[in-house]
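Residue numbers (the numbering used here): 52 to 390. C-beta atoms are modelled at their ideal positions from N, C-alpha and C, and glycine is treated no differently.
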């Protein structure tokens with residue numbers, strides 16, 4: 052039985068095409084869906100004609116650069132995952148051309164048992180020059196990275212991304228199942244050193260969950276939210292929310308926008324976690340507890356009461372971190388890691 056069948060629907064908002072989302076929506080800590088928000092995009096109009104029309108249209112932008120494609124045998128049922136002993140993966144990765152991927156997708160029998168074929172996170176500015184200008188999103192997203200995801204019936208395991216995400220379905224259907232960050236304990240996250248695409252993933256098979264092996268997943272299901280996108284619909288996924296993504300048609304396309312408000316000089320919090328794996332995780336328990344107390348005090352405090360005994364002019368790194376101070380801290384970290 053497929054997981055999360057009783058999940059709550061993701062909140063839907065009314066947002067007319069061409070109307071910028073307000074700041075509250077773009078900084079929301081819960082997901083939302085806007086139906087038909089990019090329905091006037093040219094690629095969506097082509098998708099209404101046929102998958103072939105949409106792929107032909109995308110090919111007009113393609114500059115011929117090789118792409119990395121993932122290919123899994125039919126018996127994997129579209130699930131890109133690990134091999135049985137988690138020493139590798141159940142798919143192969145090949146360098147090819149995007150137009151060849153399009154041709155292969157169209158050659159598959161929609162009613163047949165086909166391999167799973169998938170090209171993910173392909174930056175449109177680098178592979179499809181001119182696409183972004185023809186498909187603008189009406190809001191100012193700082194440092195936005197726009198990417199294409201294309202394939203047939205595929206499943207991407209639940210994972211998180213640090214940036215905020217707006218994903219637009221442009222071809223086929225996609226089902227998103229999302230979980231708040233605090234469900235990490237109940238999602239049975241796999242290894243960090245061997246991942247399909249850089250981020251750790253849930254080991255739970257959402258089509259055939261094993262509740263004996265993954266008993267706490269039933270608790271995660273109580274917090275799941277779900278939606279199915281049609282061409283022209285968009286979903287907003289906040290930072291760090293876990294999301295499981297299923298492409299449901301014989302050809303599916305998605306454009307997503309990743310962005311974050313903070314300057315790149317601050318780095319990614321996941322890099323801080325890697326440093327903690329190195330310098331904290333192996334400490335004795337009492338020392339880890341002591342470090343946790345320091346993190347709670349200096350990093351996770353929700354107010355500034357713990358600083359009021361210090362003149363604000365002397366807060367330094369205890370207060371807001373400027374770009375200048377961020378560069379100084381980066382230099383300190385770089386030097387310390389060289390020892």
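Length of the line joining the Cα atoms of residue i and residue j
{"i": "residue 320", "j": "residue 293", "result": "16 Å"}
{"i": "residue 329", "j": "residue 54", "result": "35 Å"}
{"i": "residue 132", "j": "residue 239", "result": "14 Å"}
{"i": "residue 340", "j": "residue 69", "result": "50 Å"}
{"i": "residue 323", "j": "residue 75", "result": "28 Å"}
{"i": "residue 351", "j": "residue 272", "result": "27 Å"}
{"i": "residue 367", "j": "residue 170", "result": "45 Å"}
{"i": "residue 142", "j": "residue 135", "result": "12 Å"}
{"i": "residue 378", "j": "residue 384", "result": "10 Å"}
{"i": "residue 295", "j": "residue 212", "result": "12 Å"}
{"i": "residue 333", "j": "residue 343", "result": "14 Å"}
{"i": "residue 326", "j": "residue 386", "result": "14 Å"}
{"i": "residue 161", "j": "residue 102", "result": "12 Å"}
{"i": "residue 61", "j": "residue 234", "result": "17 Å"}
{"i": "residue 97", "j": "residue 56", "result": "32 Å"}
{"i": "residue 173", "j": "residue 106", "result": "15 Å"}
{"i": "residue 270", "j": "residue 314", "result": "36 Å"}
{"i": "residue 78", "j": "residue 199", "result": "23 Å"}
{"i": "residue 91", "j": "residue 99", "result": "11 Å"}
{"i": "residue 255", "j": "residue 264", "result": "9 Å"}
{"i": "residue 288", "j": "residue 227", "result": "10 Å"}
{"i": "residue 139", "j": "residue 243", "result": "13 Å"}
Check whether residue i and residue j have beta carbons under 7 Å apart
{"i": "residue 225", "j": "residue 280", "result": "yes"}
{"i": "residue 229", "j": "residue 72", "result": "no"}
{"i": "residue 204", "j": "residue 129", "result": "yes"}
{"i": "residue 376", "j": "residue 358", "result": "no"}
{"i": "residue 156", "j": "residue 302", "result": "yes"}
{"i": "residue 297", "j": "residue 206", "result": "yes"}
{"i": "residue 63", "j": "residue 84", "result": "yes"}
{"i": "residue 304", "j": "residue 221", "result": "yes"}
{"i": "residue 166", "j": "residue 232", "result": "no"}
{"i": "residue 397", "j": "residue 374", "result": "Since the first residue shown for the chain is 52 and the last is 390, residue 397 is missing from the structure and cannot be characterised."}
{"i": "residue 285", "j": "residue 331", "result": "no"}
{"i": "residue 186", "j": "residue 252", "result": "no"}
{"i": "residue 181", "j": "residue 300", "result": "no"}
{"i": "residue 290", "j": "residue 268", "result": "no"}
{"i": "residue 306", "j": "residue 219", "result": "yes"}
{"i": "residue 202", "j": "residue 168", "result": "yes"}
{"i": "residue 283", "j": "residue 87", "result": "yes"}
DSSP bridge partner residues for residue i (one or two, in chain order)
{"i": "residue 215", "result": "310"}
{"i": "residue 305", "result": "200, 220"}
{"i": "residue 276", "result": "59, 229"}
{"i": "residue 417", "result": "With the chain covering only 52 through 390, there is no way to say anything about residue 417."}
{"i": "residue 386", "result": "Bridge partners of residue 386: none, in fact."}
{"i": "residue 64", "result": "85"}
{"i": "residue 286", "result": "84, 218"}
{"i": "residue 298", "result": "205, 225"}
{"i": "residue 148", "result": "117"}
{"i": "residue 253", "result": "240"}
{"i": "residue 292", "result": "Paired residue(s): none; residue 292 is not in a bridge."}
Decide if the region 142 to 161 is in contact with the region 117 to 129; the criterion is three or more beta carbon pairs, one per stretch, under 8 Å apart.
Short answer: they touch.
Would you list, in sequence order, the uninterrupted alpha helix (DSSP H) runs of no fewer than 4 residues that lie entirely inside the region 168 to 251?
Counting only runs of 4 or more, we get 175 to 178, 182 to 185.
Decide if the region 306 to 314 is in contact with the region 271 to 279; the criterion is three or more beta carbon pairs, one per stretch, under 8 Å apart.
Here the region 306 to 314 does not lie against the region 271 to 279, with fewer than 3 beta-carbon pairs under 8 Å apart.
Tell me, please, whether the region 101 to 118 touches the region 150 to 167 by the rule of three or more beta-carbon pairs shorter than 8 Å.
Enough Cβ pairs lie closer than 8 Å, so yes.
What runs of the beta strand (DSSP E), each 3 residues or longer, lie entirely inside the region 111 to 144?
Unbroken beta strand (DSSP E) runs of no fewer than 3 residues, entirely contained in the region 111 to 144, are found at 117 to 123, following chain order.
Are the region 258 to 265 and the region 173 to 188 touching by the rule of at least three beta carbon pairs closer than 8 Å?
The answer is no - the region 173 to 188 does not touch the region 258 to 265, with fewer than three Cβ pairs under 8 Å.
Kindly provide the ranges of any alpha helix (DSSP H) runs that are 4 or more residues long and lie completely inside the region 323 to 347, ordered along the chain.
If we require 4 residues or more, the region 323 to 347 turns out to have no alpha helix (DSSP H) run fully inside it.
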